[in-house]
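Everything on this sheet refers to the single structure shown next.
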Amino acid sequence: MSVRVRFAPSPTGPLHMGGVRTALYNHLLARKAGGTFILRIEDTDQTRYVPGAEEYIREALDWCGLSPDESPWKGGPHGPYRQSERKDLYSGYVDQLIEADKAYYAFDTPEELDAMRERLKAAGVAAPAYNAVTREHMRNSLSLPADEVKARLANGEPYVVRLKVPRHEEVRFEDRIRGWVVVQSSHIDDKVLFKSDGMPTYHLANIVDDHLMAITHVVRGEEWLPSAPLHVLLYQAFGWERPEFAHLPLILKPDGNGKLSKRDGDRLGFPVFPLDWTDPASGERSSGYRERGYYPEAFVNMLALLGWNPGTEQELFSLDELVDTFSLDRVNKSGARFDPEKTRWFNQQYLRQRPDAELGEALRGKLADRGIDVPAERAAKAANLLKERATFVNDMLEGMYLFTSGSPLTADHDPELRKRWSEEGGAVLDAFVEALPSVDPFTASGIETAFKSVMDRTGAKMGKVMPLYRLFVAGAMQGPGMFEVSELLGRDEVVLRLRAGLEHCRSWA
Ligand code: GLU
8 MSVRVRFAPS PTGPLHMGGV RTALYNHLLA RKAGGTFILR IEDTDQTRYV
58 PGAEEYIREA LDWCGLSPDE SPWKGGPHGP YRQSERKDLY SGYVDQLIEA
108 DKAYYAFDTP EELDAMRERL KAAGVAAPAY NAVTREHMRN SLSLPADEVK
158 ARLANGEPYV VRLKVPRHEE VRFEDRIRGW VVVQSSHIDD KVLFKSDGMP
208 TYHLANIVDD HLMAITHVVR GEEWLPSAPL HVLLYQAFGW ERPEFAHLPL
258 ILKPDGNGKL SKRDGDRLGF PVFPLDWTDP ASGERSSGYR ERGYYPEAFV
308 NMLALLGWNP GTEQELFSLD ELVDTFSLDR VNKSGARFDP EKTRWFNQQY
358 LRQRPDAELG EALRGKLADR GIDVPAERAA KAANLLKERA TFVNDMLEGM
408 YLFTSGSPLT ADHDPELRKR WSEEGGAVLD AFVEALPSVD PFTASGIETA
458 FKSVMDRTGA KMGKVMPLYR LFVAGAMQGP GMFEVSELLG RDEVVLRLRA
508 GLEHCRSWA
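As numbered in this note's numbering, residues 8 to 516 make up the sequence shown, in order.
Dropping the structure here:
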């Protein structure tokens with residue numbers, strides 16, 4: 008039997024990173040088994056439909072490199088893949104359940120349902136429910152005479168169809184991640200499966216579609232675990248073989264205290280969505296990993312390890328390596344704590360692996376936006392120097408001084424300069440300026456040799472000279488090696504900046 012897995016988001020808003028992780032794990036399972044990864048849009052609840060959400064899901068998965076084999080956009084042998092377009096097929100399955108006495112019509116009004124709950128609460132029932140006990144006292148096809156039921160249906164009275172959950176039965180299934188799950192059916196209420204407006208509820212549509220789409224493994228978030236026993240009952244009611252279940256651990260806040268939410272991201276300054284999103288109703292904007300400058304590979308790598316443990320020390324995995332290594336057996340039961348710092352670390356690792364030419368191009372683009380035109384080769388060399396200290400391409404703009412001309416010093420540098428300046432250090436730099444014209448070729452190693460010989464000659468301490476050299480030429484106390492920086496800037500620029508710095512400091516005297 009070939010593996011068929013699905014990701015079944017509801018288009019109710021932007022995809023949370025937990026949703027992307029679910030899609031990722033499904034994708035990995037399918038690829039590893041040579042199976043099929045299906046995307047199904049679960050849009051039966053029209054009241055929660057959010058325009059743009061489906062496009063967002065598509066774009067987010069594309070960005071992550073997770074492309075379903077069958078989807079609303081690609082089609083496939085089990086389509087349509089949007090539940091709203093499958094609307095007509097669900098009622099036949101509901102009829103099947105009613106005929107088999109596994110489901111029934113219920114005509115209760117919202118007021119009657121409220122009254123039932125009040126009554127039960129008053130009688131001390133902690134969790135009032137429509138179930139095997141209470142259904143007898145409600146208005147449904149099990150309690151009403153058959154004629155009356157017929158008449159109500161013929162009159163077009165609104166109704167719902169509810170699952171007839173058995174009164175005392177042990178519902179059990181083995182979850183691939185959690186092991187055996189056992190629930191008493193008395194704890195499950197007679198869930199609504201279908202409404203007279205012709206729309207199925209999530210539970211019915213989900214089971215019918217998983218069955219029709221020949222899904223072999225249902226891999227989804229822990230928040231669906233409470234629904235699973237009901238789903239097991241539905242498979243039983245239909246007499247269908249059920250897929251295997253695997254409920255993924257929650258993604259927790261960085262402090263481990265509860266489920267990660269959008270608000271945590273806002274509060275602590277990290278995205279929880281893959282892409283930027285603007286809520287169409289409120290206009291509220293949320294930022295995404297893509298727009299913050301993350302590489303999709305880094306985002307996916309981080310997500311893969313959020314709840315799955317490869318069993319080795321390896322942390323960096325390409326998507327192909329994940330396909331080879333991933334298995335449900337190593338997915339943890341307990342919640343996975345999200346670590347924004349670690350996420351940045353992943354990006355840094357991926358950035359460092361990028362070829363200089365590619366980083367140079369990215370940097371060139373950013374510089375062009377600022378009106379600075381740099382030849383490709385020079386940008387690549389600069390990227391090589393700057394990437395060690397960068398987490399994002401944007402961080403390389405710290406090296407802007409490599410592309411401007413003239414002294415980088417501003418009034419802001421004065422406090423630091425005053426701390427570092429000494430006549431002794433200045434004198435060494437005078438000698439260095441004198442030595443630079445004869446450095447040929449003007450390379451990092453040639454510059455270094457010249458610098459060292461001046462240092463030797465004067466016997467000065469590095470700490471007296473290097474900070475001044477840095478500040479004068481690069482305008483910062485930190486950055487790539489000064490000899491490499493100097494090579495890139497070129498002789499004239501270095502001499503000019505050193506002279507300007509020396510003159511500036513001496514002007515205080
Ligand atoms: N439509 C559900 C969701 O939004 C799918 C749950 C499932 O995978 O069964 O997550």
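Heads up, the beta-carbon is just placed ideally off N, CA and C, and yes, glycines get one too.
Environment of residue i [buried if 16+ CB atoms lie within 10 Å]
i    : result
E118 : exposed
I222 : buried
S17  : buried
S493 : buried
K157 : exposed
G508 : buried
P84  : exposed
M403 : buried
H194 : exposed
A133 : exposed
Close beta carbons around residue i, own chain, < 6 Å, minus the five adjacent residues each side
i    : result
Y3   : Only positions 8 to 516 of the chain appear in the structure, and residue 3 is not among them; the question remains open.
Y166 : Y112, F114, S203
S78  : L46, Y88
E455 : F490
A15  : R47, E49
V472 : G432, V435
Nonlocal neighbours in the same chain, by C-beta distance under 8 Å from residue i, ignoring five residues either side
i    : result
R504 : G413, S414, P415, F479, V480, L496
D50  : S17, P18, Y56, E61, R89, Q90, S91
R146 : A113, F114, D115, E119
R506 : V440
T411 : I379
C71  : V27, A30, L31, P281, P303, F306, V307
Local conformation of residue i per DSSP, three classes
i    : result
G82  : strand
H194 : helix
N162 : coil
A387 : helix
K471 : helix
G372 : helix
H175 : coil
W247 : coil
W428 : coil
V239 : helix
T285 : strand
G508 : helix
Y137 : coil
G48  : The question names Gly, but residue 48 in the sequence shown is Ile. Strand at I48.
V461 : helix
D380 : coil
H23  : coil
Y56  : coil
Rounded straight-line distance, which links the Cα of residue j to that of residue i
i    : j    : result
T43  : Q191 : 34 Å
L335 : A253 : 8 Å
A375 : P256 : 44 Å
L219 : E248 : 11 Å
K349 : A40  : 30 Å
F458 : A369 : 33 Å
G488 : R427 : 19 Å
P474 : V279 : 41 Å
T208 : F201 : 6 Å
L160 : I105 : 14 Å
H224 : A235 : 13 Å
L240 : L96  : 20 Å
G314 : S341 : 8 Å
V330 : H34  : 8 Å
N308 : S289 : 32 Å
D463 : A442 : 13 Å
V461 : L358 : 37 Å
Neighbour flag for residue i against chain C, beta carbons, 9 Å
i    : result
G406 : Protein chain content of the structure displayed is limited to a single chain, and chain C is not contained in it.
Residue i Cβ short of 8 Å to the ligand FMN heavy atom set
i    : result
V225 : Although the ligand FMN was asked about, the structure shown includes only the ligand GLU as ligands.
Cβ shell of residue i (< 7 Å), same chain only, five flanking positions each side left out
i    : result
G482 : Y408, P415, L416, H420
A30  : F14, L68, L73
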